[in-house]
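Chains as they are written, first to last, in the working numbering: chain R, 1 to 293; chain Z, 1 to 293.
Below: one structure, written as structure tokens.
There are 2 protein chains.
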Amino acid sequence: MSITTTASNTTAPTQVLRGRNETYAFRRFGSGRGRPLVCLQHFTGTLDNWDPAVTDPLASEREVILFDNAGVGRSTGTVPHTIDGMAAHTLDFLDGLRLDTCDVLGFSLGGMVAQQMARNRPSIFRRMILVGTAPRGGEDIMHLEKPTLARHLGDPTLKGYAVLQKIFFAPTSSSQAAGGALIGRLAQRHEDLDTASGPDVAAAQIAAFREWEQFTGTRFGDLEGIHQPTLVVNGIHDEMIPVANSYRLAENLPNAVLLAYPDSGHGSLFQFHDSFTRHAAAFLASDTPFAPY
Amino acid sequence: MSITTTASNTTAPTQVLRGRNETYAFRRFGSGRGRPLVCLQHFTGTLDNWDPAVTDPLASEREVILFDNAGVGRSTGTVPHTIDGMAAHTLDFLDGLRLDTCDVLGFSLGGMVAQQMARNRPSIFRRMILVGTAPRGGEDIMHLEKPTLARHLGDPTLKGYAVLQKIFFAPTSSSQAAGGALIGRLAQRHEDLDTASGPDVAAAQIAAFREWEQFTGTRFGDLEGIHQPTLVVNGIHDEMIPVANSYRLAENLPNAVLLAYPDSGHGSLFQFHDSFTRHAAAFLASDTPFAPY
């Protein structure tokens, strides 16, 4: 396995790791005293969708590890139709890296995978950051057919990242400007680009969202068993995974701080990257067993 | 007006200021480059109910001003039956201090007074911290008759601060221990004590809560007009003013960050005083027009 020399997602080389099940694409950069931070990505996102304004400041104090789940980007295999299947691949990947314990930043879909991993193997995470995500049994998770999202996704005048700007950010000039800035930052990476997700990836991940909305037994009861100190973050006007899901996480996880940002949607961590990375770094720097930082 | 020499609520002398309407009791201590921070108190609370673990760290970077509204503690007059009446007294007090603009920490009842002041005179506050409070039209505000509160308030075996420990903190051993620690800190002040509130104070303040639950026009529409950067804080298991009220504040104030603490109730700022004062100091230190810090 090569040693990374560049602490930025703009320039870090893409590596591959052969796991038990698949060969996984990843990037690993940064150094410092902190635990490695594995970053689990959103719906259809690849390694190229991680904002360097989020990853790079965090990489100044620890290794940051970005990861394509099975069937995404240049990872082999097919995308599982369940969050549990994605959690199994992520554990396979971390086992391949010989990482027994790390911290996690799970964004959106990735936040669900992180929760499932914490249930399946509690020792895998020391501290968890869950952004724009939902518990099992959450509501209104990625219903792309609803009018507030469908009008952008079906707009033929919006191409590529222009759709992301509409659906990840609030419909204010300030939030839309932040979306434009994110797109500019993502475009700074020119070489060794990841493979963009196609409709098969999207369809399988949507199936996983639908399965994640189902629950048996006490709603949100699963969360009682997740004892990691957790930081829950959301934009207050998230249309993709509404903030009520973050409220339910904070109410039912036994050890979680909730931080919600104004004037922002699903991409609040990108819009307020200075603040988000400051909070994330302070949270991750804590060695106490308690979430408040 | 005397100059304060001791930067702690354990030892700061109580002063009085003659306003246009009443003579107000207050304490003022601390110094530094920050704007003065006026602290507006909770239901039946007096100057003696401000936790030195909250006020004193904040006083290391600014003047902290604690204030008894009319009819409370050693302030003259009668307790208004409306939040608007309390806001008028607070503005009278700040006018007497010749403070044109300051920061505010409004806790519970005090957070409602702060919101009303920001509506009545927008220039009065630069930045606002609203803890364990509710917007006009909020729900389940201080219904002391509900079983979860009444069983403690009506328990003849609980005396004095023992009731506060039950109703301000969550029913876990960790939160109850934090309540015990708060009581210990409050007991460190031995001299120049304030006058405790009696049933007349409580009755008038409860009447103000009932009036604050009423609204006309669009629910929470008033909040659109409050543009100050605001930090909204709550314990996730607050029985006195449930956290849903903080959700509505964060959703409807245009410029507010929400921070919610686990394993805590109404007194989350006391339970997590290290974290709270760190966040409050970072928020107050910001000079941007935006709430994220």
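Cβ coordinates follow ideal geometry from the N, Cα and C atoms, glycine included.
Keep in mind the model is a prediction, meaning the values are calculated, not measured.
DSSP places M128/Z inside the beta strand (DSSP E), whose first and last residues are F125 to V131.
Here the alpha carbons of Q176/Z and S286/Z stand approximately 33 Å from one another. Secondary structure in the region 244-270 of chain Z: the alpha helix (DSSP H) runs of 4 residues or longer, each lying completely within the stretch, are 244-252 in chain order. Between F290/Z and N252/Z a beta carbon distance of about 17 Å is seen, past the 8 Å cut, so the two are scored as non-contacting. Residue burial annotation: K146/Z is exposed, with fewer than 16 other C-beta atoms found within 10 angstroms of its C-beta. Distance from the CA of A87/Z to the CA of S246/Z, rounded to the nearest whole angstrom, comes to 20 Å.
Contact of P254/Z with chain R by beta-carbon distance below 8 Å involves P262 and D263. Residue-level contact check: R278/Z touches chain R, since one or more beta carbons of chain R fall below 9 Å from its beta carbon. In chain order, H152 and K166 place their CB closer than 7 Å to the CB of L158/Z, counting only its own chain and leaving out the 5 sequence neighbours on each side. Cβ-Cβ distances below 6 Å link H89/Z to N69 and A70 in the same chain, with the five nearest sequence neighbours on each side left out; the list follows chain order.
Using a Cβ distance threshold of 9 Å, I241/R and P262/R do not count as a contacting pair. At a cut-off of 9 Å between beta carbons, D51/Z makes no contact with chain R.
With fewer than 16 other Cβ atoms inside 10 Å of its own Cβ, N120/Z counts as exposed. Distance from the CA of A280/R to the CA of L269/R, rounded to the nearest whole angstrom, comes to 10 Å. Secondary structure of A280/R (DSSP, three-state): helix.
In the three-state reduction of the DSSP assignment, F107/R falls in the strand class, which pools E and B. Contact of I236/Z with chain R is assigned, a C-beta pair being separated by under 9 Å.
H42/Z places its beta carbon 9 Å or farther from that of F169/Z.
Taking 9 Å as the cut-off between beta carbons, none of the residues of the region 95-118 of chain Z comes near chain R. Residue environment: L284/R is assigned as buried (16 or more neighbouring CB atoms within 10 Å of its CB, all protein chains considered). Using a CB distance cut-off of 9 Å, P135/R does not count as an interface residue toward chain Z. Under the three-state reduction of DSSP output, Y293/Z falls in the coil class, being neither helix nor strand. In this structure, the CA atom of A162/R is about 52 Å from the CA atom of F67/Z. Contact annotation: the region 70-81 of chain R touches the region 197-215 of chain R, with at least three C-beta pairs closer than 8 Å. Following the DSSP letters along the chain, one finds L17/R inside the beta strand (DSSP E) bounded by residues Q15 to R18.
Neighbours of P292/Z across chain R, judged by C-beta separation under 7 Å: Y261, F272 and S275. Counting every other CB atom within 10 Å of its CB across the protein chains shown gives T230/R a total of 16 or more, marking it as buried.
Put simply, the backbone Cα of G180/R is about 49 Å away from that of L149/Z. In the structure shown, the three-state DSSP call for R119/R is helix. Of the other Cβ atoms in all chains shown, 16 or more fall within 10 Å of the Cβ of S275/R; this residue is therefore buried. In this structure, N9/R lies away from D84/R, with their beta-carbon atoms at least 9 Å apart.
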